[in-house]
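Visitor: Below you'll find the structure I mean.
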Amino acid sequence: MKDLGDIQYFLGLKVTRDQSCWIINLYQELYIQNLLIDFGMEDCRPVSTPQVPSSRFAPIPTTSASINYQRAMGLLNYLVSCTRLDVAYTASCLAQFLNNPRKEHEMVFKNVLGYLKGTKIWGLSLVPSQDNSIIKAYCDADWGSNFDLQSFSGSCVFLYGLISWKKLKKDIVTLSSTEAEYRSISTCCQDVSWLFGLVSDFGLTLKARLFFEKHDQDRAIKELH
C-alpha cells in the first residue's frame with residue numbers, strides 16, 4: 501500500500517479540502533465539460549434554469565430523439581446522484597421516456613446541458629456545524645403535476661452538511677395536496693430512520709428535526725384534528 505497524498509479526484513468528483521476550517525468541497529466540473537463535449541454542446545449558450553415553464557413532459561407523437569437518450573439519462577443521473585441535486589427534478593421527469601424519447605424531450609435535456617455549462621463550478625461543501633448531533637430533514641411535494649396525474653416529492657437530509665437527497669414520482673394518484681404532503685413526509689422519515697440505524701452502529705446518538713413551511717404545518721395539524 502502506498503500513500504499518494506491528499507485525494508484530488510474520485511469517481512469523476514474533484515475533491516478539495518480547506519484543513520484550516522475543516523471544509524470539504526466536491527465538484528464535477530470536468531465531468532460536466534466532458535458531458536457537453538460528448539453531446540456537441542460545448543459551445544452552447546448558458547441558461548439560468550434547468551428547464552423552461554413550457555417544457556412538455558408527456559408522450560408526444562412527434563419526431564424521435566436523435567441522441568442516445570438512454571445513455572444521456574444515465575450520465576445525467578450519475579451527476580444528480582453525486583453533487584447536482586438542483587437538476588434532480590428535471591432528470592426525474594426526463595427519465596420517464598426512456599422507451600420512447602421524442603424531440604421535445606431531447607430539447608429539454610439540451611437545456612439542462614446549457615444550465616450545467618453556466619453552473620459547472622457549482623458543487624457541494626461539507627462544512628462543520630454547531631448542531632453536530634442533529635439530523636435536519638426537509639421535504640416537499642407537488643400534487644398531480646405529471647401527465648399521468650401522479651405527484652412528485654423530494655427531500656434533503658443534512659448531517660454535517662447535505663448528505664442525502666431524493667426526488668421521487670409517487671406510484672399512486674393522491675386524492676389531495678395534503679395526502680401528497682403526508683406521503684412525502686413518510687418517505688423522508690423512512691430515510692431518516694435508516695440513517696439513525698446506520699449511525700447508531702457507530703455508537704453515536706443523534707437527534708432529528710423535520711422542517712416544513714408554516715402554511716403546510718398549519719394545514720397538516722388542522723387535517724389531523
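Each residue of the sequence shown is one higher than the last, beginning at 501 in this note's numbering. Built from N, CA and C at the ideal position, the CB exists for glycine as well.
What did DSSP end up calling Ile663 once you bin it into helix, strand or coil?
Guide: In the structure shown, Ile663 sits in a strand (DSSP, three-state: E or B).
Visitor: Near Val699, what residues of its chain come up, given a Cβ to Cβ distance below 7 Å and the 5 sequence neighbours on each side ignored?
Guide: Cβ neighbours of Val699 beyond the five flanking positions: Leu706.
Visitor: Measuring CA to CA, which of Arg545, Arg602 and Thr590 is closest to Pro553?
Guide: Of the listed residues, the one whose Cα sits closest to Pro553 is Thr590.
Visitor: Alpha carbon to alpha carbon, what distance is there between Ile672 and Met573?
Guide: Approximately 24 Å, taken between the alpha carbons.
Visitor: Taking DSSP as the reference, what is the three-state secondary structure of Asp503?
Guide: Coil at Asp503, not helix or strand.
Visitor: Below 8 Å on the Cβ atoms is my contact criterion, and I expect Leu626 with Ile523 to pass it. Report the Cβ-Cβ distance as a whole number of Å.
Guide: With a Cβ gap of about 7 Å, Leu626 and Ile523 count as contacting.
Visitor: With DSSP collapsed to three states, give me the class of Ala595.
Guide: Looking at Ala595 - three-state DSSP - the assignment turns out to be helix.
Visitor: Assuming the contact rule is C-beta atoms closer than 8 Å, Thr687 and Ser653 should be a hit. Round their C-beta distance to whole Å, please.
Guide: With a Cβ gap of about 6 Å, Thr687 and Ser653 count as contacting.
Visitor: To the nearest angstrom, report how far apart Ile537 and Lys667 are at their CA atoms.
Guide: Each residue's Cα considered, the two are about 27 Å apart.
Visitor: Looking only at its chain, what residues have a beta carbon closer than 7 Å to the beta carbon of Thr516, apart from the 5 residues adjacent to it on each side?
Guide: So the qualifying residues of the chain are Asn525.
Visitor: Measure the C-alpha to C-alpha separation of Leu511 and Val587 and round it to an integer number of angstroms.
Guide: Cα-Cα distance, rounded: 20 Å.
Visitor: Please work out which residues of its chain come closer than 7 Å, Cβ to Cβ, to Leu575, disregarding the five sequence neighbours upstream and downstream, and give them in chain order.
Guide: Closer than 7 Å at Cβ, skipping near neighbours: Leu535.
Visitor: What residues in its chain sit with their C-beta under 6 Å from that of Leu504, if we drop five residues either side in the sequence?
Guide: Hits under 6 Å: none found.
Visitor: So what's Gly623 in DSSP terms, helix, strand or just coil?
Guide: Note: Gly623 maps to strand in three-state DSSP.
Visitor: Assuming Leu594 and Val608 are in contact, meaning their beta carbons sit under 8 Å apart, how far apart are those beta carbons, in whole angstroms?
Guide: Indeed, because the Cβ distance is near 6 Å, the residues count as touching under 8 Å.
Visitor: Terminal residues of the continuous alpha helix (DSSP H) containing Lys728?
Guide: No answer is possible for residue 728: it lies beyond the span of the chain, which begins at 501 and ends at 725.
Visitor: Just mark Leu613 as buried or exposed, buried being the case when its beta carbon has 16 or more other beta carbons within 10 Å.
Guide: Answer is buried; the Cβ neighbour count reaches 16.
Visitor: How about Lys610 and Gln528: are their beta carbons less than 9 Å apart?
Guide: Taking 9 Å as the Cβ cut-off, Lys610 and Gln528 do not qualify as a contacting pair.
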